[in-house]
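In the numbering used here, the protein residues as written are 508 to 619. Idealized CB from N, CA, C, for every residue including glycine.
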């Protein structure tokens with residue numbers, strides 16, 4: 508089992524989770540983070556660090572967000588989605604997006 512970044516991260520991109528990851532499995536896109544399932548060691552440390560509760564164990568991803576399991580796997584292999592190993596500031600308008608639901612249409616899958 509791996510961990511998955513879901514909808515709540517879109518357009519927020521908090522990076523508190525990155526600081527605690529012992530294997531550097533996070534990848535950064537323009538407005539979202541993903542977890543590389545091949546690198547994740549299921550340590551659970553990132554879950555508690557996410558201020559918007561965007562990270563779930565793969566088996567616990569809500570039914571309406573199952574697409575994020577595939578998106579994490581695909582985007583983590585995208586050459587423009589690079590490893591992120593240090594905390595950064597969230598996106599400038601993160602506070603406006605933090606409680607918005609259904610942000611998949613706003614996910615920028617292009618290069619970081």
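For residue i, list the residues DSSP reports as bridge partners.
i	result
residue 542	533
residue 590	534
Quick check: the Cα distance between residue i and residue j, rounded to an integer number of angstroms?
i	j	result
residue 600	residue 594	17 Å
residue 574	residue 608	15 Å
residue 523	residue 553	8 Å
residue 610	residue 561	12 Å
residue 548	residue 585	20 Å
residue 528	residue 597	17 Å
Compute the distance between the beta-carbons of residue i and residue j, then report whether it is under 9 Å.
i	j	result
residue 513	residue 577	no
residue 536	residue 612	no
residue 582	residue 539	yes
residue 628	residue 542	Summary: the structure shown does not reach residue 628, with the chain confined to residues 508 through 619, and so no result is reported for it.
Mind checking which residues open and close the beta strand (DSSP E) that includes residue i?
i	result
residue 562	562-564
residue 525	Where residue 525 is concerned, there is no enclosing beta strand (DSSP E), although the alpha helix (DSSP H) it sits in stretches over 523-527.
residue 517	Counting along the chain, residue 517 falls outside any beta strand (DSSP E), and DSSP gives it neither H nor E.
residue 511	510-512
Could you check where the alpha helix (DSSP H) with residue i kicks off and where it finishes?
i	result
residue 554	552-556
Exposed or buried, what is residue i when buried is set at 16 or more other beta-carbons lying within 10 Å of its beta-carbon?
i	result
residue 568	buried
residue 592	exposed
residue 518	buried
residue 550	exposed
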